[in-house]
Amino acid sequence: MPEGIDQERLDRAYARLAEYHNEDLPQGIPPVAAEMFAGYQVTPYEEWLIFNSADGFTNQTFLVSDQMVYESPGWESYDDALTEARALKAAGATRRPDAPDDEDDEDD
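The opening position of the sequence shown corresponds to residue 1 in the UniProt record's numbering, with each subsequent residue numbered one higher.
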């Protein structure tokens with residue numbers, strides 16, 4: 001268990017990350033289990049837990065706080081990610097909205 005994080009808080013964050021990843025899964029794709037995130041590097045920062053995949057498998061970072069999951073691409077600074085995540089959380093969001101260019105393009 002990462003130092004400075006109680007197990008109950010960590011378990012809630014694992015569960016929320018699994019819910020986040022399982023939202024709108026295409027039919028036939030198996031759901032992600034909360035236990036998958038136990039291998040991630042977890043760092044507490046203020047009200048957030050910052051999740052990075054083990055050994056930098058992806059360049060994504062997930063900021064998790066209560067019901068909020070903010071997926072941050074590797075190019076976004078922590079300061080920018082935290083600022084946007086806090087603003088979205090204050091507005092009642094539970095996740096970072098998809099950018100218009102993140103949507104599937106019908107011409108692909």
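For glycine and all other residues, C-beta sits at the position ideal for the given N, C-alpha and C. All of these numbers come straight from a predicted model, not from anything done at the bench.
Endpoints, the alpha helix (DSSP H) within which Thr-83 is located: First-last of the alpha helix (DSSP H) with Thr-83: 78-90.
Own chain partners of Ala-33 with C-beta closer than 8 Å, once the 5 adjacent residues on each side are dropped: Ala-18.
Start and end residues, beta strand (DSSP E) containing Tyr-45: In the DSSP assignment, Tyr-45 falls within the unbroken beta strand (DSSP E) covering 41-45.
Reference Val-42, options Ser-77, Ala-87, Asp-11 and Asp-79, closest by Cα: Of the listed residues, the one whose Cα sits closest to Val-42 is Asp-11.
In chain order, each beta strand (DSSP E) run of at least 3 residues that lies wholly inside the stretch 3-41: Correct list: empty.
One or two residues paired with Arg-95 in a DSSP bridge: According to DSSP, Arg-95 bridges with Val-69.
Span separating the alpha-carbon of Ser-72 from that of Leu-82: Taking the straight line joining both Cα atoms gives about 9 Å.
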